[in-house]
Amino acid sequence: FLTGKTAIVTGSNSGIGLGVAHRLARAGADMVLNSFTDRDEDHALAEEMAREHGVTVRYIKADMSKGDECRALIEQAGTCDILINNAGIQHVAPIPEFPVEKWDAIIAINMNSSFHTTAAALPMMRKAGWGRIVNIASAHGLTASPFKSAYVAAKHGVIGLTKVTGLETARENITCNAICPGYVLTPLVEAQIPDTMKEYGMSREDVITKVMLERQPSKEFVTVEELGDTAVFLCSDAAAQITGTSISVDGGWTAL
Ligand code: NAD
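Whatever position you read off the sequence shown (first residue = 1), add 4 for full-length UniProt numbering.
Structure (structure tokens):
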């Protein structure tokens with residue numbers, strides 16, 4: 005049902021972004037994939053997706069830590085019916101030792117990029133008379149964990165931006181919502197296992213069961229396919245009156 009629509013997913017050469025892009029392509033959308041690299045394998049991902057789903061897929065390099073590149077991504081795509089703000093990084097450290105450059109990078113990539121892409125995409129959506137913005141926030145946009153100051157601050161900020169965007173577009177055929185995933189076993193989560201092992205003095209297995217899935221009552225990781233299908237739902241007519249809010253896909257985490 006998304007045939008003829010163009011969807012841009014930031015940070016989509018891996019993990020959740022790639023999974024969401026696959027689901028949107030399966031629903032018929034032409035895709036723009038993105039990351040800050042420009043490798044053969046990035047373009048190969050686009051070709052593979054195009055072949056698998058029979059849609060047009062482009063890969064556009066843009067660094068989401070830079071406001072002008074965020075805006076250039078949307079301009080270069082030329083049209084944007086669906087915008088999925090997904091790019092994100094993580095760093096785990098206590099506040100006094102939290103590296104300032106990591107704080108700045110997380111705020112820029114995880115929060116500011118959504119402001120820039122949204123600012124560039126809204127005029128295109130208004131021209132088309134239809135639009136969907138889905139911000140991939142986190143359970144950490146609604147709750148907190150120690151040692152994740154920048155990430156939790158950025159994700160709470162994204163939920164605030166989601167509400168404002170929903171209000172500014174409320175009278176139009178445009179919606180903006182956040183998806184708040186619990187733990188998904190992607191490269192981003194893999195990468196924090198060693199630091200969390202150090203922080204808590206735990207084995208890998210204990211970090212997975214006692215720290216990560218400890219907060220997730222389902223005791224299962226969320227999958228990228230489940231998140232992709234949630235995004236597809238938010239793009240459907242059934243979701244036309246869902247705006248300015250967030251949907252938790254977290255195995256019960258935020259119900260605790
Ligand atoms: P990931 O590391 O697999 O993917 C992150 C993506 O962002 C990659 O494609 C990476 O290339 C891209 N990226 C990083 N820096 C970038 C930059 N400067 N410019 C452009 N792209 C950049 O991680 P993921 O787990 O798939 O995370 C995707 C999003 O989901 C993030 O916003 C993350 O905070 C959020 N999230 C993840 C989980 C989880 O458990 N994995 C839970 C909740 C929310």
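We treat Cβ as the ideally placed atom computed from N, Cα and C, and that holds for glycine. Computed from a prediction, not measured in an experiment: that's the story for all the values here.
Shown here, LYS202 sits in a helix according to DSSP, grouped into three states. The closest heavy atom of the ligand NAD lies less than 7 Å from the beta carbon of GLY15. The alpha carbon of GLU56 has as its nearest neighbour, out of MET35, ALA154, PRO191, the alpha carbon of MET35. In the three-state reduction of the DSSP assignment, GLY23 falls in the helix class.
CYS74 carries a helical assignment under DSSP once its states are collapsed to helix, strand and coil. For a cut-off of 8 Å, the C-beta gap from GLY32 to THR166 is around 25 Å, too long to register as a contact. Distances between the C-beta of PRO191 and the heavy atoms of the ligand NAD include at least one below 7 Å.
Here GLY8 carries a coil assignment [DSSP, helix/strand/coil]. For PRO150, the closest of GLU209, ASP199, ALA235, ALA50 by C-alpha to C-alpha distance is ASP199. Listed in chain order, the non-local C-beta contacts of ILE99 below 7 Å within the same chain comprise SER153, local neighbours out to five positions each way being set aside. For LEU28, DSSP assigns no beta-bridge partner whatsoever. For VAL104, the enclosing alpha helix (DSSP H) begins and ends at 104-110.
Three or more beta-carbon pairs drawn from the stretch 10-20 and the stretch 80-89 are found closer than 8 Å, and the two stretches are therefore classed as touching. If you ignore the 5 residues before and after PRO191, its C-beta comes within less than 7 Å of the C-beta of SER18, GLY19, all in its own chain and listed in chain order.
Taken through DSSP and simplified to helix, strand or coil, ASP233 comes out as helix. Non-local beta-carbon contacts of ALA132 in its own chain, meaning distances under 7 Å to residues more than five positions away in sequence, involve ASP85 in chain order.
The bridge partners DSSP lists for ARG136 are ILE86, THR179. In the three-state DSSP reduction, VAL59 falls in the coil class, being neither helix nor strand. Assignment of ASP34 by DSSP, reduced to helix, strand and coil, places it in the strand class. Residue environment analysis places PHE225 among the buried positions, since at least 16 neighbouring C-beta atoms fall within 10 angstroms of its C-beta.
Inter-residue distance for SER252 and GLU79 is about 31 Å (C-alpha atoms, whole angstroms).
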